[in-house]
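See structure below.
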């Protein structure tokens, strides 16, 4: 477009045409042949996992988390073939109130465990998904500075994707893959104390609850149900001026534990204080964890708990499959909006609408 300033009546003014803007995408990239991603077979996945190949392990975990039906079928075959090589690790669940320092503590715990006990450590860190955008930051690795570069550690952040209890739906299957890859220590970090930590408790051998002092009434800071599930409770940030409040909180929690029924394991949960940032008290925590593992292996509760967990996840898988099958049913999909509209307009109750949908589903199945 010609600039009016270049008209003869405007003496002394000239506007140059400028330069042609380059393409925003490099022409060299356009001409480059696209590299096709190699499609792995079930045997490729299994062989890579058993060799401890971290890249293939990561791809297998991604496969497990995928919602695509063909990926799910492939993932189940991989898990089935890896199952005979799994089950030889110590699984630790780590939960706590938001801001308790779970990720920082895991960094300190992991370095201590690898240094003192050797072996390989896998951390399955669960990151909350946004209810609005459905996205996750997946930034737990940034707070595990030393562990993220350790050659014997594998950190895998995963989104919750709306699952309850702060544990991703496929974490249990990921544990199997990590164990088959030779990881003899598994940490499962949850989002925080949510509606149901049962999911995490039902896939680990030791459930560690991280709590803070100085946040008000310590006994109201967490639900009783969470405390009853914990095999050990630790008070973080016991440093500086917070040492005495942490000791007081630990004393209150010890007194509270005696009110609860004795756990099935026969183990009385210990309450300890530590500082994840300064690394104080870490050794005592892991002495407690391994004392517990030795205790429950001796009295037979370790194997009993693993068997109960397998049974629990069998029923959970049934519930999940039934739910998915119900919502993916074409008849239900066609009825759902009408029933929903009827409920919103007040013509029928929620329970009647649910009955209509379920009756239609089961009649079609029969």
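In our numbering, the protein residues as written are 9 to 374.
Backbone N, C-alpha and C define an ideal beta-carbon position, used for all residues, glycine too.
Here residue 118 is buried: its Cβ has 16 or more other Cβ atoms, across all protein chains shown, within 10 Å.
The beta-bridge partner set that DSSP reports for residue 219 consists of 243. Counting C-beta pairs closer than 8 Å gives three or more between the region 94 to 106 and the region 178 to 187, which meets the contact rule. Contact between residue 214 and residue 300 is confirmed by a C-beta separation of about 6 Å, below the 8 Å threshold. Residue 270 is classed as exposed because its beta carbon has fewer than 16 other beta carbons within 10 Å across all chains shown. In this chain, the beta strand (DSSP E) harbouring residue 103 covers 98 to 104. The same chain holds no residue with a CB closer than 6 Å to that of residue 323 once the five nearest residues on each side in sequence are set aside. Burial of residue 278 is indicated by the presence of at least 16 other C-beta atoms within 10 angstroms of its C-beta. Here residue 365 really is in contact with residue 340; their C-beta atoms are around 6 Å apart, less than 8 Å. In this structure, DSSP gives residue 178 a state outside helix and strand, which the three-state scheme calls coil. In terms of Cβ geometry, residue 288 and residue 249 do not form a close pair [threshold 8 Å].
The DSSP-derived three-state label of residue 355 is coil.
The beta carbons of residue 102 and residue 110 sit closer together than 8 Å. Under DSSP, no beta-bridge partner is assigned to residue 262. Closest in C-alpha terms to residue 320, from the list 59, 347, 211 and 355, comes 211.
Between residue 132 and residue 195, the CB-CB gap stays under 8 Å. Below 8 Å, enough C-beta pairs join the region 260 to 276 and the region 236 to 243 to call them touching: three or more.
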